[in-house]
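Number of protein chains: 2
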Amino acid sequence: MRVLIVDDDNLVAMSLKTILSSDSEIEVVGTGSSGDEAIELYNKTKPDVLLMDIRMNGMTGLEAGAKILEKNRDAKILYLTTFNDDEYIIKAISIGAKGYIIKQDFESIIPAVKSVFKGQSVFGNAITEKLPDIINKKKSFDYESYGITSQEKEIIEEVAKGLSNKEIADELCLSEGTVRNYLSNILRKLDLRDRTNLAIFYYQNQ
Amino acid sequence: MRVLIVDDDNLVAMSLKTILSSDSEIEVVGTGSSGDEAIELYNKTKPDVLLMDIRMNGMTGLEAGAKILEKNRDAKILYLTTFNDDEYIIKAISIGAKGYIIKQDFESIIPAVKSVFKGQSVFGNAITEKLPDIINKKKSFDYESYGITSQEKEIIEEVAKGLSNKEIADELCLSEGTVRNYLSNILRKLDLRDRTNLAIFYYQNQ
DNA sequence: TTAAGGATGTGACATTTGTCACATCCTTTT
DNA sequence: AAAAGGATGTGACAAATGTCACATCCTTAA
Chain F
23 MRVLIVDDDN
33 LVAMSLKTIL
43 SSDSEIEVVG
53 TGSSGDEAIE
63 LYNKTKPDVL
73 LMDIRMNGMT
83 GLEAGAKILE
93 KNRDAKILYL
103 TTFNDDEYII
113 KAISIGAKGY
123 IIKQDFESII
133 PAVKSVFKGQ
143 SVFGNAITEK
153 LPDIINKKKS
163 FDYESYGITS
173 QEKEIIEEVA
183 KGLSNKEIAD
193 ELCLSEGTVR
203 NYLSNILRKL
213 DLRDRTNLAI
223 FYYQNQ
Chain Y
23 MRVLIVDDDN
33 LVAMSLKTIL
43 SSDSEIEVVG
53 TGSSGDEAIE
63 LYNKTKPDVL
73 LMDIRMNGMT
83 GLEAGAKILE
93 KNRDAKILYL
103 TTFNDDEYII
113 KAISIGAKGY
123 IIKQDFESII
133 PAVKSVFKGQ
143 SVFGNAITEK
153 LPDIINKKKS
163 FDYESYGITS
173 QEKEIIEEVA
183 KGLSNKEIAD
193 ELCLSEGTVR
203 NYLSNILRKL
213 DLRDRTNLAI
223 FYYQNQ
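Heads up: the protein sequence lines correspond to chains F and Y, in order. Following my numbering from start to finish, the first sequence increments by one per residue and tops out at 228. Following my numbering from start to finish, the second sequence increments by one per residue and tops out at 228.
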């Protein structure tokens, strides 16, 4: 099992190399410290698994990974990160990375590399907990912190269904005028222009 | 590492038991053959990992898993399936399952169980390939089949950004009246009432 | 060449939308 | 009890929206 390691922190790269080399099934075929190097070394060594940091100076690991995957659709990239970053994980899966684990969890790295080598996808401990939310895309905007009341929140839900003011009024047993007032307040609070933008906001923050 | 196995095909359950028991770190604490049994045995044995089939007579593995996770938020459920089913995998991740692999891939089962035990998530070979699409939810509505022209498609994009007719007109170098006409046609073709519903439609089919 | 059809535009119209000032109740606080 | 504040309502208004009939221009097909 041939592994390429890329991390812009040289100490980390070396530590990883030491750890991985201790396993008899693994051979570290190279170490790099930038996105450019990742691409270059990947093409040169064609490793079974590329273990790469996400945050790096210059080209990020994600950009480098995307480029590598463009040319090598079967590349197996396992990302390492110092902390959990929801945005990154979605992006990582999107481009086709095979895993995403945190560096701190040393013991998990070797099994993860092996799993990825076998063609599985592996997501680390802390990331695993967030997967359901990520799948459900529940960023769930905190309406309360913008002073949106529960009644107003209901109006937002109805607007997001595409109902007119009249229909919302009927639905919530209010007068149309009141619905308008509520909506007007909502738009001011969220700094949006009209109900269409509110609906868009709703779905983008859902 | 205590593992509970549930599969409505008894032969499969026994095979799995044999395979897993061959590993010194693993102890199979029970085998069941239905969703109800899964819940019952889970509560009785409190295993570290529950290895369960998705398709079962009566209650499905997903339903049983959801119920178990309601009461035991840290339950580690690894699903086994005979084939790849995109709908199931989304559902599985949504409820908080820790893995999803195919039965045929025997060699992967033990490493997968171990990874899940450690808190990672594991997705099997064939499933891994589909993850990017699943994350991107590329249902990508076929506007063409509804007779939406490319110009109209552009208008839709602009509406989905929340722009007014006037702004869209400026953006696309058309008169406001023309934009209205286009929009009117779009709404008729897609059987939608107004721009808000169009934006909603856009984001729901994105 | 002519007819057809598409893209673009105009004007008119009814409706919906968003805003504002203000009015009524009702409950809570002082 | 009086004051304050929230929830709900009204009326008026300007702007934006959606629809329709029709006009122009250009390209393409017959």
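For every residue, glycine included, the Cβ atom is placed at its ideal position computed from N, Cα and C. All figures in this text were calculated on a predicted structure; none of them were measured in a lab.
| field | Start and end residues, alpha helix (DSSP H) containing F145 (chain F) | value | Taking the first residue of the first sequence as position 1, residue 145 (chain F) is located at position 123. Where F145 (chain F) is concerned, there is no enclosing alpha helix (DSSP H), although the beta strand (DSSP E) it sits in stretches over 143-145.
| request: Compare the C-alpha of M78 (chain Y) against each of Y:D58, Y:I90, Y:K89 and name the closest. | output: Sequence index remark: in the second sequence, residue 78 (chain Y) carries index 56 (1-based). The candidate whose alpha carbon is nearest that of M78 (chain Y) is Y:D58.
| Helix, strand or coil for I90 (chain Y) per DSSP? | Taking the first residue of the second sequence as position 1, residue 90 (chain Y) is located at position 68. I90 (chain Y): helix per DSSP, three-state reduction.
| So is F145 (chain F) buried or exposed if we call it buried at 16+ other beta carbons inside 10 Å? | Sequence index remark: in the first sequence, residue 145 (chain F) carries index 123 (1-based). Burial call: buried.
| task | Anything in the segment 128-151 of chain F with a Cβ closer than 8 Å to a Cβ of chain Y? List those residues in chain order, please. | result | E129, S130, P133, A134, K136, S137, K140, G141, Q142, S143, V144, F145, G146, N147, I149, T150
| query | Closest to S137 (chain Y) by CA distance: which of F:I178, F:P133, F:E179 is it? | reply | Locating residue 137 (chain Y) in the second sequence gives position 115, counting from the first residue. Considering only alpha carbons, the answer is F:P133.
| First and last residue of the uninterrupted alpha helix (DSSP H) at D58 (chain F) | As a first step, residue 58 (chain F) is located in the first sequence; it is residue number 36 there, counting from the start. It spans 57-67 - the alpha helix (DSSP H) in which D58 (chain F) sits, taken as one unbroken run.
| said: Based on DSSP bridge pairs, tell me the residues matched to R24 (chain F). | reply: Numbered from 1 along the first sequence, position 2 holds the residue referred to as residue 24 (chain F). In the DSSP output, where bridge partners are listed per residue, R24 (chain F) has F:E49.
| request: Could you please give me the residues that DSSP links to V71 (chain Y) through a beta bridge? | output: Here residue 71 (chain Y) refers to the residue found at position 49 when the second sequence is read from its first residue. V71 (chain Y) pairs with Y:V25.
| said: Determine, for S206 (chain F), whether the minimum Cβ-Cβ distance to residues of chain Y falls below 7 Å. | reply: Along the first sequence, read from residue 1 onward, the residue named residue 206 (chain F) stands at position 184. By this cut-off, S206 (chain F) is not an interface position.
| query | Taking Cβ positions only, does R217 (chain F) come closer than 7 Å to chain Y? | reply | Counted from its first residue, the first sequence places residue 217 (chain F) at position 195. Closer than 7 Å to some Cβ of chain Y, the Cβ of R217 (chain F) qualifies, so yes.
| message | If you reduce the DSSP assignment to three classes, tell me which class L194 (chain F) lands in. | response | Here residue 194 (chain F) refers to the residue found at position 172 of the first sequence. Helix at L194 (chain F).
| message | Restricting to Cα atoms, I'd like to know which of Y:L209, Y:R215, Y:K125 is closest to D31 (chain Y). | response | For the purposes of this step, residue 31 (chain Y) is taken as the residue at position 9 of the second sequence. Residue Y:K125 is the option with its Cα nearest to D31 (chain Y).
| Looking at the unbroken alpha helix (DSSP H) that takes in I222 (chain Y), where does it start and where does it end? | Sequence index remark: in the second sequence, residue 222 (chain Y) carries index 200 (1-based). That run of the alpha helix (DSSP H) goes 217-226.
| Residue range of the alpha helix (DSSP H) that T40 (chain Y) falls in? | Locating residue 40 (chain Y) in the second sequence gives position 18, counting from the first residue. Its alpha helix (DSSP H) spans residues 32-43.
| request: Quick one: using the 10 Å Cβ neighbour count with 16 as the cut-off for buried, is K93 (chain Y) buried or exposed? | output: If you number the second sequence from 1, residue 93 (chain Y) lands on position 71. Exposed, since its Cβ has fewer than 16 Cβ neighbours within 10 Å.
| request: Indicate whether at least one CB of chain Y lies closer than 7 Å to the CB of L72 (chain F). | output: Here residue 72 (chain F) refers to the residue found at position 50 when the first sequence is read from its first residue. Chain Y contact via Cβ: absent.
| Between G83 (chain Y) and M74 (chain Y), what straight-line distance do the alpha-carbon atoms span, to the nearest angstrom? | Locating residue 83 (chain Y) in the second sequence gives position 61, where the first residue counts as 1. Locating residue 74 (chain Y) in the second sequence gives position 52, where the first residue counts as 1. Going from the Cα of G83 (chain Y) to the Cα of M74 (chain Y) covers about 6 Å.
| query | In chain order, what residues of the same chain have a beta carbon less than 8 Å from the beta carbon of M36 (chain Y), not counting five sequence neighbours either side? | reply | Along the second sequence, one-based indexing puts residue 36 (chain Y) at 14. Excluding residues within five positions, the ones whose Cβ falls inside 8 Å are T53.
| For I132 (chain F), which of helix, strand or coil comes out of DSSP? | On the first sequence, residue 132 (chain F) is found 110 positions in, with the first residue counted as 1. It is helical.
| task | Would you list the one or two residues that DSSP bridges to I178 (chain Y)? | result | Against the second sequence, residue 178 (chain Y) aligns to sequence position 156. None; I178 (chain Y) has no bridge partner.
| Name the chain Y residues whose beta carbon is nearer than 9 Å to that of A191 (chain F)? | Mapped onto the first sequence, residue 191 (chain F) falls at position 169. Those do not exist, as A191 (chain F) stays about 16 Å from chain Y at its closest Cβ, beyond 9 Å.
| Who does G54 (chain Y) pair with in a DSSP beta bridge? | One-based indexing of the second sequence puts residue 54 (chain Y) at position 32. DSSP, once it has assigned bridges, lists Y:V28 as partnering G54 (chain Y).
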